[in-house]
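Participant: To start, I am sharing the structure in question, which I have written as structure tokens.
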């Protein structure tokens with residue numbers, strides 16, 4: 023709830039206040055021109071950074087690695103692009119900060135620590151995943167590594183009963199309980 027309040031109430035009101043103030047200082051037409059200019063510059067930077075990130079992700083995929091860092095960077099670039107295309111100086115400042123590679127790499131590290139639980143992220147016992155270790159960066163977890171060990175895990179035991187209908191197998195007959203069982207020989 024607080025995030026929506028900030029994005030849909032606080033930021034638009036602050037943007038209007040800044041736009042009115044800048045409009046009084048430099049004039050309305052220059053303010054509008056400046057808004058369009060920041061959007062064009064931002065879109066150009068976003069395109070260049072986005073292509074570079076996409077190429078790095080493609081290279082990692084070709085070498086058999088998971089492009090985890092590039093996925094985080096791509097998310098931040100998309101978010102930065104949305105901020106840059108939103109009219110206003112506050113959103114432009116946020117958008118430009120997300121397009122700058124040095125700031126983005128710090129944010130990627132922060133997001134990785136927040137998102138990746140217990141130093142690993144990914145599939146189950148039969149699949150590979152990726153992990154982030156502080157100071158070591160992103161990597162690919164192997165199934166035989168300690169991160170993927172299933173020893174000591176809880177085992178769930180149970181029983182099952184096959185239930186079918188007459189339509190599934192017409193050679194089966196109804197029993198008195200209403201369930202359908204196979205012919206017993």
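In our numbering, the protein residues as written are 23 to 207. All C-beta atoms, glycine included, are put in the ideal place defined by N, C-alpha and C.
How is residue 37 classed by DSSP in three states: helix, strand or coil?
Facilitator: DSSP places residue 37 in helix when its eight states are reduced to three.
Participant: Give me the Cα-Cα distance between residue 130 and residue 118, rounded to the nearest whole angstrom.
Facilitator: Cα-Cα distance, rounded: 16 Å.
Participant: Does the structure place the region 86-102 close enough to the region 36-54 that three or more beta carbon pairs sit under 8 Å?
Facilitator: Touching, no, given that fewer than three Cβ pairs across the two stretches are closer than 8 Å.
Participant: How many angstroms separate the CA atom of residue 134 from the CA atom of residue 52?
Facilitator: One C-alpha to the other measures close to 41 Å.
Participant: From the DSSP output, in three-state form, read off residue 185 for me.
Facilitator: Residue 185: coil per DSSP, three-state reduction.
Participant: Where does residue 89 land, buried or exposed, given buried means 16+ other C-beta within 10 angstroms?
Facilitator: With 16 or more other Cβ atoms within 10 Å, it is buried.
Participant: Along the chain, where does the alpha helix (DSSP H) containing residue 30 start, and where does it finish?
Facilitator: First-last for residue 30: undefined, no H or E at that position.
Participant: DSSP on residue 66, reduced to helix/strand/coil?
Facilitator: Here residue 66 sits in helix by DSSP.
Participant: Given a cut-off of 9 Å on the beta-carbon distance, is the pair residue 95 and residue 70 in contact?
Facilitator: No, these two residues do not count as a Cβ contact at 9 Å.
Participant: Evaluate residue 91 with the Cβ neighbour count: other Cβ atoms within 10 Å of its Cβ, from every protein chain shown; 16 or more gives buried, anything less gives exposed.
Facilitator: By the 10 Å Cβ count, residue 91 comes out buried.
Participant: Looking at residue 110: is its Cβ nearer than 9 Å to the Cβ of residue 33?
Facilitator: In this structure, residue 33 lies closer than 9 Å to residue 110 by Cβ.
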